[in-house]
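Listed in order, the protein sequences are those of chains A and B.
For any residue, its number in the working numbering is found by taking its place in the first sequence, counting from 1, and adding 17.
For any residue, its number in the working numbering is found by taking its place in the second sequence, counting from 1, and adding 556.
Contents: one structure, followed by commentary.
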Amino acid sequence: MNVQKLLWKYVEGRCSPKERAEVEQLTSQNAGLQEDLAIIREVQAALTVMELEQPSMRFVQQVMEHLPKRHFATEPLIKPFWKKTFWIALAASMAAVFFSTATRNAVADPVGQYAGAVLEAVNATLETVPPMVLQYYVLVILAAVILSVLDKMLSLRTHMDFF
Amino acid sequence: MDNDLHLVKETLKGNQASFRVLVERYRDYVFTISFKILKNREEAEEAAQDAFLKAFRGLAGFELRSKFATWLYQIAWRTAIDRLRTRPPKALSVDEGSISLQFPDGADSPARQLHRKTVRAFTHQALGCLKPEDATLLTLYYLNEQSVKEIAAITGLTESNVKVKLFRLRDAMKNQLTRMLKSEVIDIANG
Numbered sequence: 018m019n020v021q022k023l024l025w026k027y028v029e030g031r032c033s034p035k036e037r038a039e040v041e042q043l044t045s046q047n048a049g050l051q052e053d054l055a056i057i058r059e060v061q062a063a064l065t066v067m068e069l070e071q072p073s074m075r076f077v078q079q080v081m082e083h084l085p086k087r088h089f090a091t092e093p094l095i096k097p098f099w100k101k102t103f104w105i106a107l108a109a110s111m112a113a114v115f116f117s118t119a120t121r122n123a124v125a126d127p128v129g130q131y132a133g134a135v136l137e138a139v140n141a142t143l144e145t146v147p148p149m150v151l152q153y154y155v156l157v158i159l160a161a162v163i164l165s166v167l168d169k170m171l172s173l174r175t176h177m178d179f180f
Numbered sequence: 557m558d559n560d561l562h563l564v565k566e567t568l569k570g571n572q573a574s575f576r577v578l579v580e581r582y583r584d585y586v587f588t589i590s591f592k593i594l595k596n597r598e599e600a601e602e603a604a605q606d607a608f609l610k611a612f613r614g615l616a617g618f619e620l621r622s623k624f625a626t627w628l629y630q631i632a633w634r635t636a637i638d639r640l641r642t643r644p645p646k647a648l649s650v651d652e653g654s655i656s657l658q659f660p661d662g663a664d665s666p667a668r669q670l671h672r673k674t675v676r677a678f679t680h681q682a683l684g685c686l687k688p689e690d691a692t693l694l695t696l697y698y699l700n701e702q703s704v705k706e707i708a709a710i711t712g713l714t715e716s717n718v719k720v721k722l723f724r725l726r727d728a729m730k731n732q733l734t735r736m737l738k739s740e741v742i743d744i745a746n747g
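Here's what the structure looks like:
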């Protein structure tokens, strides 16, 4: 490691015992490094005691006055976890339908014997599902998509003064 | 702070008093970030207010698993940087390629400063002469005690870039001090 970097690390107290011994040995043998270490300590000390700047006394009041007069709940309608779950489930079901359709129409099985067997199983499962259930499923997906879009729009338009 | 998350949840339920507590808690930090970047109290105050208003509006998008302070500082950083970009360019002092501190015209000569100011005061002055983003990096590192990872999240830089910048900035300050305070350094080294 660069000696200067090591000196900073030493002053910050982040050195391993081996590195600390190395720094102490180097500085004891080199007056230039001793000077560097002294100045680094000074800079470090000065930076560590930096003070926070303070805004005007009315700052908080001004922020609060600028907040919208009417507050609309900003909590998302759908929690991020459920959103992710929904999109994953949607992607999985679409993939299942896609492969099912693809294998029905395929002249030859392009994906191998094992994958073909899996797809057959998916096909068989889908065929056992009553059409009415599939229709409801599609409706639920559509409703969820609409809700997600609405949720996104509302989150962008929250805190607006409507009245 | 865990308490921050509770206040965020309360704000999301419509309790503005909870947001007030957050503003009171972080106003100095947010203002300091804005001030370090903009170097003008009035502008910094406006930028800090903007940052809090943006945070309030965007609270729905805040992931409760994240640290509120880091998220808020990120907004403060971006708001101040955006304001800075709309300004006409000013003479800046620290450049990543060749880092050196340059004092604005009319500043006291280093020799006079040497006799008038302590090392600490000089370091603060040097900090004020850094490029705004660089000064804010050091502020975040020392004052807000943010980790390199958090600073990277706030500023949008990579962690290694933050590390390199922090080293270069501090080293530039050290080198400048070494040149200016040569005689005092020898006294310090001798104890």
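Glycine included, every Cβ here is placed at the ideal spot set by N, Cα and C.
Inset, instruction - Determine contact between the region 561 to 571 of chain B and the region 158 to 169 of chain A, defined as no fewer than three beta-carbon pairs at a distance below 8 Å. - result: Between the region 561 to 571 of chain B and the region 158 to 169 of chain A there are fewer than three inter-stretch CB-CB distances shorter than 8 Å, so the stretches are not counted as touching.
Inset, instruction - List the residues of chain A that B/Arg576 touches, going by C-beta distances under 7 Å, in chain order. - result: Val77 and Met81
Inset, instruction - Kindly say whether B/Phe659, judged by its beta-carbon, lies nearer than 7 Å to any beta-carbon of chain A. - result: Low per-residue confidence applies at B/Phe659: pLDDT is 44, beneath 50, and the placement is therefore not dependable enough to give any value.
Inset, instruction - Check each candidate in B/Leu683, B/Thr626, B/Gln681 and B/Leu615 and name the one with the smallest Cα separation from B/Gly570. - result: B/Leu615
Legend entry - Beta carbon of B/Phe587 nearer than 7 Å to that of A/Glu82: no
Inset, instruction - Can you tell me which of B/Val704, B/Ala728 and B/Ala691 puts its alpha carbon nearest to the alpha carbon of B/Lys595? - result: B/Ala691
Legend entry - Partners in chain A for B/Tyr585, counting only beta-carbon separations shorter than 8 Å: Leu69
Legend entry - A/Val60 vs B/Thr734 beta-carbon contact at 7 Å: no
Legend entry - Cα-Cα separation, B/Phe618 to A/Gln78: 24 Å
Legend entry - Assigned secondary structure, A/Pro148 (DSSP; H/G/I helix, E/B strand, else coil): helix
Inset, instruction - Work out the CA separation of A/Val139 and A/Ala113 for me, nearest whole Å. - result: 7 Å
Legend entry - CB contact check: A/Gln42 to chain B, cutoff 7 Å: With 7 Å as the cut-off, A/Gln42 does not count as an interface residue toward chain B.
Inset, instruction - Return yes when the Cβ of A/Pro72 is within less than 7 Å of the Cβ of B/Arg634, no when it is not. - result: no
Legend entry - B/Pro688 to B/Asp638 span [Cα, whole Å]: 12 Å
Legend entry - Under 7 Å between C-beta atoms of B/Ala632 and B/Ser590: Yes; because the gap between Cβ atoms is below 7 Å, this pair is in contact.
Inset, instruction - Helix, strand or coil for A/Ser33, going by three-state DSSP, please let me know. - result: coil
Legend entry - Candidates B/Glu706, B/Leu693 and B/Leu699, of which the one nearest B/Phe723 by Cα: B/Leu693
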